[in-house]
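Shown next, in structure tokens, is the structure this report addresses.
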Amino acid sequence: MEQYAIKGGNPLVGEVEIGGAKNAALPILAASVMTDETVYIENMPDVRDTNVLLCAMENIGVIVKRTDRHKVTLNASNISELVVEDENIKKIRASYYLIGALLGKYKHAEVALPGGCDIGCRAIDQHIKGFRALGAEVKIEHGLIKTHAEHLRGSHIYMDVVSVGATINIMMAAVMAEGTTIIENSAKEPHVVDLANFLNSMGANIKGAGTDVIRIKGVSHLHGTEYAVIPDQIEAGTFMFAAAVTKGDVTVKNVIPKHLESITAKLLEIGCEVEEADDCIRVVASKPLQHTQVKTLPYPGFPTDMQPQITVALGLSKGTSIVTESIFENRFKYVDELTRMGANIKVEGNTAIIDGVSRYTGANISAPDLRAGAALVLAAMSAEGFSTVDDIRYIERGYEDFHLKLQGLGAQIELVETERDLQKFKLKIG
Ligand code: EPZ
1 MEQYAIKGGN PLVGEVEIGG AKNAALPILA ASVMTDETVY IENMPDVRDT NVLLCAMENI
61 GVIVKRTDRH KVTLNASNIS ELVVEDENIK KIRASYYLIG ALLGKYKHAE VALPGGCDIG
121 CRAIDQHIKG FRALGAEVKI EHGLIKTHAE HLRGSHIYMD VVSVGATINI MMAAVMAEGT
181 TIIENSAKEP HVVDLANFLN SMGANIKGAG TDVIRIKGVS HLHGTEYAVI PDQIEAGTFM
241 FAAAVTKGDV TVKNVIPKHL ESITAKLLEI GCEVEEADDC IRVVASKPLQ HTQVKTLPYP
301 GFPTDMQPQI TVALGLSKGT SIVTESIFEN RFKYVDELTR MGANIKVEGN TAIIDGVSRY
361 TGANISAPDL RAGAALVLAA MSAEGFSTVD DIRYIERGYE DFHLKLQGLG AQIELVETER
421 DLQKFKLKIG
């Protein structure tokens, strides 16, 4: 079984290159089925979720060529299936983006109900409400969401909750509908904007992405394009917090600082120095960390995908901090693991009350989901002594070469597969 072996205590120092955003790449890949012409995508992260989606797309007849590790060419002119139900696709949340994309182009889609990280109840009622408003029939049968429409017609849709997935899915379904669609109370995340830019580069007419009202005028067809995915806001934020947690000095390169404002603001509040340039940010943590309060919110608020990472930092900060999770109700599962490393955190409902401790101590821990897994790795890197982190397949869903990038910053971390590898690592680090 693969796991990370980590010897903590080294401040992370140096520069790290941030890859393309997983949560932008996934809908962009799905939307590529909406044209018969070839689509070239650059800055594609090589992570498990994008690879599972690419594989499912190949299975329905999309011709996928990886021209290098981060470039992919797709041609969907010969799609042979509108039913997507391979075993792996159920495991990723973004499988549902194929519903909006296939429905938008072919007016029919049957896709296995999505899985994803177990971070709470992940309803899809807003997606369904949007598809129905556009004129589609939607049924859930035998584990599949089945949608069909004779015609899709533009509609005025008010979202009851701010949902990234539903905004994206409705946007894709509406791009080729007759007339105009207005999505009110839409999500404003950078990846929503990136998908809109991608679709516009294929000839769509989408305005307002990045605000809470998106207007889409339907077009009759979309053409091929060349597009580069935006940098990953959460990968960047994770490495910024790695600097804070290990008292290090890390520069994240190839980022859009505007997308990182809420993360930067919190790092400043807890006593880190942050220097911004055009496409990089340096975080220096030379002073003791201070307590703060944070509530996760839709963009531009503090991202739920950074909640475990900031909690790990606040666990080492002076005084009492409060973290409120307002997006997913089950996103504190990692706290038990952190407690085993010496953290003093009490969870009440959607709030964590954190009394900072002076250090964590190494332990054998498991990643309960993607972001929590990455956050526990940060905790292990700051901890005194030796740790192992199991279930790293979760981390591999969204972080490319995580341990190699950390090694590049001076971390003592290795991916080990056997007890023998583990013993070798222990001997090496002494
Ligand atoms: C996306 O999930 C991301 N996933 C998540 O990232 C991220 O945590 C989340 O947005 C919030 O930013 C992908 O982009 C693949 P939502 P999504 O729909 O789209 C409720 C990661 O670590 N809701 O914005 O599933 C829902 O229950 C992952 O990379 C409804 O009630 O999130 C939640 O409380 C984890 N009905 C809230 O809205 C709906 O129909 C936000 O969910 C849809 C959502």
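Residue numbers (the UniProt record's numbering): 1 to 430. Where is the CB? At the ideal position from N, CA and C, for every residue including glycine. Keep in mind the model is a prediction, meaning the values are calculated, not measured.
Item                                                                                                                            : Value
Per-residue DSSP class, three states only, for K258                                                                             : helix
Inter-residue spacing [alpha-carbon to alpha-carbon] between K105 and F425                                                      : 52 Å
CA-to-CA distance, G319 to D401, given in whole angstroms                                                                       : 35 Å
T296 vs E269 beta-carbon contact at 8 Å                                                                                         : no
Separation of I214 from K107, as counted between CA atoms                                                                       : 22 Å
Residues near S201 by beta carbon distance below 6 Å, same chain, minus five either side                                        : T225 and Y227
Assigned exposure category for H259 - 16 Cβ within 10 Å defines buried                                                          : buried
Heavy atom of ligand 1 within 7 Å of A228 beta-carbon                                                                           : no
Element boundaries [beta strand (DSSP E), containing Q290]                                                                      : Premise fails: Q290 is in no beta strand (DSSP E) and is neither H nor E.
contact_flag[the segment 379–394, the segment 2–9] where n(CB pairs < 8 Å) is 3 or more                                         : yes
I234 beta carbon near ligand 1 (any heavy atom closer than 7 Å)                                                                 : yes
Under 8 Å between C-beta atoms of L12 and A243                                                                                  : yes
Own chain, CB closer than 7 Å to E15, minus 5 neighbours either side, in chain order                                            : T251 and K253
Exposed unless 16 or more other CB atoms sit within 10 angstroms - verdict on P288                                              : exposed
Reference G301; option with closest CA among V283, S387 and T324                                                                : T324
Residues near P308 by beta carbon distance below 7 Å, same chain, minus five either side                                        : Y334, R371, A372 and A375
Contacts around V111, its chain only, beta-carbon distance under 7 Å, and the 5 residues preceding and following it disregarded : V84, S95, Y96, L98, I99, L144 and I145
Opposing strand residues paired with F302 [DSSP bridges]                                                                        : T296
Local conformation of Y106 per DSSP, three classes                                                                              : helix
Under 8 Å between C-beta atoms of D212 and A24                                                                                  : no
Ligand 1 heavy atom lying under 7 Å from the CB of K22                                                                          : yes
Reference G398; option with closest CA among L26, E17, S317 and E2                                                              : L26
Paired residues, beta bridge with K416 - DSSP                                                                                   : Reading off the sequence shown, one finds Val at residue 416, where the question assumed Lys. DSSP, once it has assigned bridges, lists Q3 as partnering V416.
Inter-residue spacing [alpha-carbon to alpha-carbon] between G203 and G218                                                      : 10 Å
Extent of the continuous beta strand (DSSP E) to which S220 belongs                                                             : Neither: S220 is in no beta strand (DSSP E) and is coded neither H nor E.
In DSSP terms, what Y40 is bridged to                                                                                           : T73 and E226
Exposure label - A265; buried when at least 16 CB within 10 Å                                                                   : exposed
Nonlocal neighbours in the same chain, by C-beta distance under 6 Å from G408, ignoring five residues either side               : none
For D46, the three-state DSSP class (helix, strand or coil)                                                                     : coil
N364 - partner residues in DSSP beta bridges                                                                                    : T388
S393 versus V164: straight-line alpha-carbon distance, rounded                                                                  : Going by the sequence as given, residue 393 is Arg instead of Ser. C-alpha separation (whole angstroms): 24 Å.
E184 CB to nearest heavy atom of ligand 1 below 7 Å                                                                             : no
Extent of the continuous alpha helix (DSSP H) to which D125 belongs                                                             : D125 to A133
DSSP beta-bridge partners of R215                                                                                               : I182 and K207
L415: CB within 7 Å of a non-hydrogen atom of ligand 1                                                                          : no
Rounded C-alpha distance that separates H221 from D46                                                                           : 30 Å
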